[in-house]
Each structure stands twice: as C-alpha cells, then as structure tokens.
Amino acid sequence: MNRIGSAFKNSPIFMPYFPLGYPDLDTSINVIEALARNGADLIEVGLSFSDPLADGPVIQRATQVALEKGITVRKSLAAVAELRRRGLELPLILMGYYNPILAYGPEKFVREAWAAGADGFIIPDLPVEESGEFSAALIGADGRPPLPLIQMLAPTTPNERMETIARRARGFIYLVAVTGVTGERSSLSEGLSELIGRVREHTSAPVCVGFGISTPEQAKQVGALADGVIVGSACVKAIGESENPVEAAAGFASGFRAALPGG
Amino acid sequence: MTTLLPPKFGPYGGQFVPETLMPALIELEAAFVSARSDPAFQAEFDRLMASYVGRPTPLTHARRLSEQLGGAQIYLKREDLAHTGAHKINNALGQALLVKRMGKRRIVAETGAGQHGVASATVASLMGLDCVVYMGVVDIARQEPNVFRMKLLGAEVRPVTSGTQTLKDAINEAIRDWVTNVADTHYLLGSALGPHPYPTLVREFQSVIGREAREQMLREAGRLPDTVIACVGGGSNAIGVFSGFMNDDSVELIGVEAGGSGIGTGKHAARFGDPQKGRVGVIHGTRTYVLQDEDGQIAETHSVSAGLDYAAVGPEHARMRDLERAFYTSATDAEALDAFQTLCRVEGIIPALESSHAVAEALKRAPKMGKDQVILVNLSGRGDKDLNTVIGEMQKSGTRI
Numbered sequence: 080m081n082r083i084g085s086a087f088k089n090s091p092i093f094m095p096y097f098p099l100g101y102p103d104l105d106t107s108i109n110v111i112e113a114l115a116r117n118g119a120d121l122i123e124v125g126l127s128f129s130d131p132l133a134d135g136p137v138i139q140r141a142t143q144v145a146l147e148k149g150i151t152v153r154k155s156l157a158a159v160a161e162l163r164r165r166g167l168e169l170p171l172i173l174m175g176y177y178n179p180i181l182a183y184g185p186e187k188f189v190r191e192a193w194a195a196g197a198d199g200f201i202i203p204d205l206p207v208e209e210s211g212e213f214s215a216a217l218i219g220a221d222g223r224p225p226l227p228l229i230q231m232l233a234p235t236t237p238n239e240r241m242e243t244i245a246r247r248a249r250g251f252i253y254l255v256a257v258t259g260v261t262g263e264r265s266s267l268s269e270g271l272s273e274l275i276g277r278v279r280e281h282t283s284a285p286v287c288v289g290f291g292i293s294t295p296e297q298a299k300q301v302g303a304l305a306d307g308v309i310v311g312s313a314c315v316k317a318i319g320e321s322e323n324p325v326e327a328a329a330g331f332a333s334g335f336r337a338a339l340p341g342g
Numbered sequence: 003m004t005t006l007l008p009p010k011f012g013p014y015g016g017q018f019v020p021e022t023l024m025p026a027l028i029e030l031e032a033a034f035v036s037a038r039s040d041p042a043f044q045a046e047f048d049r050l051m052a053s054y055v056g057r058p059t060p061l062t063h064a065r066r067l068s069e070q071l072g073g074a075q076i077y078l079k080r081e082d083l084a085h086t087g088a089h090k091i092n093n094a095l096g097q098a099l100l101v102k103r104m105g106k107r108r109i110v111a112e113t114g115a116g117q118h119g120v121a122s123a124t125v126a127s128l129m130g131l132d133c134v135v136y137m138g139v140v141d142i143a144r145q146e147p148n149v150f151r152m153k154l155l156g157a158e159v160r161p162v163t164s165g166t167q168t169l170k171d172a173i174n175e176a177i178r179d180w181v182t183n184v185a186d187t188h189y190l191l192g193s194a195l196g197p198h199p200y201p202t203l204v205r206e207f208q209s210v211i212g213r214e215a216r217e218q219m220l221r222e223a224g225r226l227p228d229t230v231i232a233c234v235g236g237g238s239n240a241i242g243v244f245s246g247f248m249n250d251d252s253v254e255l256i257g258v259e260a261g262g263s264g265i266g267t268g269k270h271a272a273r274f275g276d277p278q279k280g281r282v283g284v285i286h287g288t289r290t291y292v293l294q295d296e297d298g299q300i301a302e303t304h305s306v307s308a309g310l311d312y313a314a315v316g317p318e319h320a321r322m323r324d325l326e327r328a329f330y331t332s333a334t335d336a337e338a339l340d341a342f343q344t345l346c347r348v349e350g351i352i353p354a355l356e357s358s359h360a361v362a363e364a365l366k367r368a369p370k371m372g373k374d375q376v377i378l379v380n381l382s383g384r385g386d387k388d389l390n391t392v393i394g395e396m397q398k399s400g401t402r403i
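First to last, the protein sequences are chains A and B.
Its first residue numbered 80, the first sequence is counted upward by one per residue in my numbering.
Its first residue numbered 3, the second sequence is counted upward by one per residue in my numbering.
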C-alpha cells in the first residue's frame with residue numbers, strides 16, 4: 080500500500096501545513112521533522128509563490144519571508160529528499176501554486192518530486208478544468224506510480240460538479256470548509272456536517288477538511304465528521320511566533336494529535 | 003464540464019482559480035450569455051451609454067500635431083471625454099448591469115491608476131450597490147485625486163500593503179474578498195484579464211470604442227486608418243478599439259507597453275518587450291505572458307503610469323501577437339512624459355499618462371508616413387489625475403513648467 084493509503088488506516092488523520100524556507104530553510108526542515116515525529120499523519124509541505132491568492136495573511140507573510148530568504152522549487156525538492164534521509168515515513172504532499180511549477184516544467188517537477196520522496200500534489204489554482212496538462216505529467220513512468228493531484232471541493236461546489244470532481248479523486252478529497260481564504264476562524268461553519276455528507280454521497284475516498292481550523296477543540300469536532308483534519312495558518316502562526324520553532328512544532332503536533340481519536 | 007463560450011484564446015486564457023470561485027465564474031458566464039441575446043439588456047446598456055456616459059465619444063482630428071510632425075494625419079478617439087474620464091466606465095457599466103441581473107448587491111474592484119476604481123464607484127452609486135475598491139498604497143500615494151473621488155462617490159477604498167503594493171496586489175486582495183463573500187459579491191474586474199469569462203466579457207463591453215471609431219473614421223476621414231495605436235496594460239482599451247478593425251486586414255494594430263526606465267534597466271512593465279523575464283505563465287486566473295523570474299515568481303514592475311504597471315497582459319493580446327494580427331512595442335516613461343506635454347501644448351488636450359504611451363508611438367511613426375496616411379490613437383483617458391506625478395517628474399528632470 081502506498082504511503083497515503085497507509086496513513087488513512089487510522090483516521091481521522093492530522094495533517095498540518097508548513098512552508099519550506101520559513102523562517103529559514105534549515106529551521107523549516109527541522110520543524111517538519113518535529114511535526115512528523117510528534118503526531119502528524121501526513122504533512123502538506125508548502126512551496127512559496129509571490130501571489131498566493133487563496134491564502135490569508137498568516138501564510139502570505141510566511142511564504143513571503145521564505146521567498147526573501149531565497150527559497151526556490153529546486154531547494155524545496157532537495158529539502159523533501161533531506162526529510163526522507165532523516166527517516167520520515169509519513170506521506171508528504173507538496174502544496175503550491177501553478178506558476179512556479181509551470182516555470183520549472185510540470186514533467187520535470189513531478190519526476191524530481193517523486194525521486195525526492197513526495198507522494199502527491201495540491202495546487203489550489205488548478206481546478207479540474209485546467210488540470211489536464213499537469214495530470215499528463217503525473218502519469219507513471221520509469222517505475223514511478225501515477226501520483227495523485229488532490230482534488231479540492233468547496234461549499235460553493237454544486238452537486239453535479241461535485242460528482243464530476245469526486246469521480247477523479249485519488250488519495251483523498253480536500254474539502255474547503257469555508258468560502259474564503261486560509262486563516263483561523265473562531266468558530267466552524269454551521270453546515271459542515273451536511274457538506275461532508277454531500278461529498279460522501281459522491282465518493283468513497285477519504286474526506287479531509289481544511290481552512291479555518293485553529294484549535295485542538297475544533298480539530299476534535301471536525302475529526303468526528305471527517306477522515307482528516309488539515310491545519311495551516313494556526314500551525315504556521317504558532318511555530319513562526321515562537322522563540323524555539325522546533326519545540327513549538329512538537330508541542331503543536333502533540334496537542335492536536337491528543338485531541339483526535341487514537342491520539 | 004464545458005463552458006458556454008470558448009474559455010481560451012489559442013493556448014492562452016483559461017480559468018486558473020480556486021474551486022470556491024468556479025461556480026461564480028459559471029454563473030457569470032451564464033448571465034453574460036443570456037444578457038447578450040436579451041434585447042432589453044442591450045437597450046438598457048445602450049441607453050445608459052448614451053445618456054449617462056455621453057457616448058458616442060468624439061473623434062478629433064489632431065490637425066496642428068499632424069502638421070508639426072509633417073507626416074500621417076493623426077486622429078484621436080476621445081475616451082477621455084467619457085463620463086469619469088476614461089474608457090473604464092464602458093466595462094464597469096456593463097458589468098454592473100450583469101450584477102443586477104444576477105441579483106448580487108455588492109461589488110469589489112481593484113484599481114491601479116484609480117480610473118477603474120472611480121468607474122466602479124460611479125456605477126455602484128448609480129445602481130445602489132455597495133462598493134469596495136482595493137488599491138495598493140503606492141498607487142494611493144500617486145493617484146490621490148482619484149482616491150477622493152471614489153470616497154465621494156460612496157465607495158470604501160481599502161489600502162493594500164501586501165507584496166509590491168500596486169495593481170497586482172490589489173487584484174490579489176480583491177480576489178480574496180470575492181472568494182470570501184462570493185454569495186452576494188461580484189468581482190468587477192477592470193481589464194481584459196483574469197479567468198474566463200472576464201477577458202471576453204470585458205472585450206465585449208469595450209468593443210463600443212472600436213465600433214464607433216470605425217464608423218467615425220469612415221464618415222469624417224472618408225477612409226479607414228492605416229494604423230491603430232493603443233496603450234496596453236491589461237489591455238482593455240486596446241482590445242476595445244482593435245476589435246472594431248479586426249477584420250480589416252489593411253489596418254495595422256499596434257499595442258504600446260510601458261517601457262518604464264528602459265527594457266535594459268529591468269524597471270518596466272513590457273511583458274512582450276522583455277524576452278528574458280516575459281514568459282508564458284499563470285497569474286490571476288489566466289495563462290498569458292507574465293514578467294517573472296527563473297523560479298516562476300512574479301516580477302516587480304515599474305511604470306510612471308499606474309494603469310500600465312502590471313506584470314501580465316490580457317490573454318487575447320498574447321494570441322493576437324502570436325497570429326501577427328497585432329504588433330506590440332513600448333514607450334519609456336520619458337517618451338510618455340514628452341508626449342503628454344506635446345499633446346497639452348499642441349492640441350489643448352491633457353491625456354492620461356497611460357494614453358500618453360500610445361501618443362508617444364504616434365509621434366515616432368507619423369513623420370515616417372505619408373501625409374495621405376492616417377493614424378488612429380485611442381486616447382483612453384484624461385490626465386487630470388496625473389498632474390502631481392507629471393509635476394514631480396518635470397521637477398526631477400529640471401524642466402520648467
């Protein structure tokens with residue numbers, strides 16, 4: 080079984096996001112290692128882009144710092160390889176906007192990401208209508224299995240469209256919990272339970288929920304409904320504001336893990 | 003999932019947006035398609051274009067300028083005389099009517115020079131819509147009069163401090179607002195940019211420029227122009243005037259990008275003019291030529307005119323360039339400032355700094371052409387908003403005012 084499939088054997092899973100290069104490259108690698116060793120089941124490894132239009136202020140700022148410190152796609156892929164050298168076995172999903180991938184070359188990007196040890200991709204500005212070119216690059220070759228492009232669904236997605244997208248789902252579904260950008264919210268959206276139910280009518284793939292989940296208590300509520308809980312801005316903020324980011328990462332991961340069943 | 007209209011221009015265009023926005027784009031396209039074939043919508047649009055915007059805008063034969071240059075006859079399509087002082091109102095009015103049709107009550111808009119922000123605030127006031135305009139703090143500083151105008155018209159102007167603090171970042175913030183409030187909010191995008199259906203819809207609402215200009219040329223000059231020149235930021239005024247002459251093979255179409263301090267200095271906004279940094283990429287929902295670094299990060303741009311200071315160009319321009327139906331060149335800040343002053347002194351018309359780039363190209367071409375030849379310049383906006391900038395630049399270069 081591949082790493083993503085194995086991770087979902089014990090769901091709900093805890094899925095933090097952290098961008099490579101923030102607050103600097105070495106620290107970000109250590110942070111991701113600490114998240115992995117303290118309860119993360121899958122990590123969304125962030126690639127930085129100058130114009131992250133689906134992100135709120137916390138991730139905007141963090142990725143901007145990463146870019147100012149000189150992060151590139153090439154260095155990010157090398158960092159993934161380093162994480163594998165350190166013995167991390169959990170799935171690592173690369174999350175980034177399309178233009179840097181396009182500039183790198185989609186085929187080359189997928190090939191090198193696989194060689195480095197990545198398990199799949201999340202590209203928020205690539206809806207199904209535009210994913211053809213990247214999907215072509217995902218087709219397995221030279222012993223490489225076909226890697227998944229994680230499909231995203233939103234509260235605004237109508238049923239018919241949901242069905243079409245869910246049919247393509249591989250790995251898991253990324254369900255955007257709120258209409259908005261990434262960032263912490265004080266309360267979860269009311270219709271979440273119904274929304275997850277609507278998604279499940281169309282797919283048997285695991286459904287992971289992200290956007291706006293800020294506290295272990297919220298994670299627990301979402302974990303009771305979904306197969307995975309995605310935490311981005313709250314994670315980046317807690318770690319970025321800490322004097323000791325690696326320690327903060329360990330504490331952050333164990334706190335969320337403990338709130339979820341099986342933790 | 004298929005669109006009602008073609009979403010691409012050859013390899014350019016498309017819909018590179020988060021899933022949350024896809025249903026809004028589908029809804030917008032459907033509203034646009036049904037409005038287009040609805041005589042009542044067209045009649046309302048035409049009525050407001052005449053009675054509120056003041057269309058048709060005149061065509062002015064720039065006689066003294068043509069005489070001084072000693073070559074081609076220069077004609078100006080006077081979008082500067084449209085209500086609010088630029089062509090932006092054509093598109094803002096068309097989209098506002100669509101907003102009413104979709105039953106939404108709030109619009110968000112981005113603005114660089116402030117012209118589109120003013121146009122958006124104006125139509126919001128006219129139609130009783132709430133309006134929020136995002137504007138980079140750098141642009142707020144250099145286009146202060148327009149900020150006041152927007153506020154007077156009842157819009158909220160939200161300063162954007164992220165990234166480069168110019169048009170690109172204002173678009174990011176407008177899109178973020180739209181994603182968050184999409185249920186009742188329409189994004190009134192101001193140029194022929196962004197995800198489908200915007201480039202098509204904006205062209206349609208701006209095509210009135212080209213339609214009028216073609217008729218006026220035939221009537222007043224008795225012939226079609228040899229050359230049509232327009233400035234190209236996102237490219238809405240250019241696509242609007244070009245669209246009228248698309249099928250006239252004899253008419254050469256010239257787009258003028260912002261050359262800034264010169265292409266060689268790296269401080270410019272010439273997406274087509276800089277083969278190193280200007281490459282095909284994806285930004286703000288569309289695939290087109292984008293100024294970017296080797297790693298695909300969007301580059302900082304520079305132009306004396308805020309309205310041209312943008313890293314990407316409308317996707318249809320990329321297609322027209324590939325097909326060699328239109329040709330693209332650039333004018334530097336200095337050339338635009340020179341053209342600005344020339345038009346003021348010789349014709350008594352204060353052009354926008356954006357439009358001055360098109361005038362600059364006409365000043366270069368006219369002397370090399372015959373007296374029986376004709377250049378049409380789309381004078382996309384008036385320059386009152388630019389007086390502070392121009393005075394500052396003239397003082398810097400030691401020019402006496």
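Idealized CB from N, CA, C, for every residue including glycine.
If one requires a minimum length of 3 residues, the beta strand (DSSP E) runs lying completely within the segment 355–394 of chain B are 376–381, in chain order. By the beta-carbon neighbour count (other beta carbons within 10 angstroms, threshold 16), Gly125 (chain A) is buried.
For Ser214 (chain A), the enclosing alpha helix (DSSP H) covers residues 211–217. Taking a C-beta cut-off of 7 Å against chain B, the contacting residues of the segment 245–267 of chain A are Val255, Thr258, Gly259, Val260, listed in chain order. Contact annotation, Pro353 (chain B) with Leu71 (chain B): C-beta distance approximately 16 Å; criterion of less than 8 Å not satisfied. Contact between Lys387 (chain B) and Gln145 (chain B) holds: CB atoms are separated by about 6 Å, below the 8 Å threshold. By the criterion of a C-beta distance shorter than 6 Å, Glu186 (chain A) is surrounded in its chain by Ala216, once the five residues flanking it on both sides are discounted.
For Thr142 (chain A), there are no C-beta contacts with chain B under 8 Å, since the nearest C-beta of that chain is about 10 Å from it. Note: Cys133 (chain B) is bridge-paired with B:Ile109 in the DSSP secondary-structure output. For Ala248 (chain A), there is no enclosing alpha helix (DSSP H), since its DSSP letter is neither H nor E. Leaving aside the five residues that flank Gly262 (chain B) on each side, the residues in its chain whose CB is nearer than 7 Å to its CB run, in chain order, Lys269, His270, Ala271, His304, Ser305, Thr334, Asp335. Per DSSP, reduced to three states, the secondary structure at Glu259 (chain B) is strand.
About 17 Å separates the beta carbon of Val255 (chain A) from that of Thr187 (chain B), a gap too long to meet the 8 Å contact definition. Contiguous alpha helix (DSSP H) elements confined to the segment 87–168 of chain A occur at 104–116, 136–147, 152–164, taking only those with 4 or more residues.
Among the residues of chain B, none has a CB under 8 Å from the CB of Gln300 (chain A); the nearest is roughly 22 Å distant. Arg281 (chain B) and Thr331 (chain B) have their C-alpha atoms roughly 16 Å apart.
The alpha-carbon separation between Lys90 (chain B) and Gly56 (chain B) amounts to approximately 13 Å. The C-beta distance from Arg279 (chain A) to Val286 (chain A) rounds to 6 Å, short enough to fall under 8 Å.
Between Ala88 (chain B) and Val125 (chain B), the CB-CB gap reaches or exceeds 7 Å.
Between the alpha carbons of Thr236 (chain A) and Asp179 (chain B) lies a distance of about 18 Å.
For Asp204 (chain A), the nearest CB of chain B lies under 7 Å from its own CB, placing it at the interface with that chain. By the Cβ-count criterion, Thr267 (chain B) is exposed, with fewer than 16 other Cβ atoms from all chains shown falling within 10 Å of its own Cβ. At a cut-off of 7 Å between beta carbons, Gln75 (chain B) makes no contact with chain A. Not flagged as an interface residue toward chain A: Pro8 (chain B), since no C-beta distance is shorter than 7 Å. Our two residues, Leu131 (chain B) and Glu349 (chain B), have alpha carbons roughly 39 Å apart in a direct line.
For Asp297 (chain B), the residues of chain A that pass the 7 Å Cβ criterion are Thr151, Val152, Pro179, Ala182, in the order they occur in the chain. Judged by their CB atoms, Ala194 (chain B) and Ile241 (chain B) are nearer to each other than the 7 Å cut-off. Counting only runs of 4 or more residues that sit fully inside the segment 23–68 of chain B, the alpha helix (DSSP H) segments are 24–38, 41–50, in chain order. Within the segment 202–236 of chain A, those residues whose Cβ lies closer than 7 Å to any Cβ of chain B are, in chain order, Pro203, Asp204, Leu205, Pro206, Val207, Glu208, Glu209, Met231, Leu232, Ala233, Thr235, Thr236.
Contact annotation for Ala145 (chain A) against chain B: no contact, minimum CB-CB distance about 11 Å [criterion: below 9 Å].
In the three-state scheme derived from DSSP, where H, G and I count as helix and E and B as strand, Gln167 (chain B) is classed as coil. Around the Cβ of Ile318 (chain A), a 10 Å sphere holds 16 or more other Cβ atoms; the residue is buried. Rounded to whole angstroms, the gap between the alpha carbons of Gly394 (chain B) and Phe150 (chain B) is 20 Å.
Around the Cβ of Thr261 (chain A), a 10 Å sphere holds 16 or more other Cβ atoms; the residue is buried. Judged by their CB atoms, His359 (chain B) and Cys233 (chain B) are nearer to each other than the 7 Å cut-off.
Assignment of Gly138 (chain B) by DSSP, reduced to helix, strand and coil, places it in the strand class.
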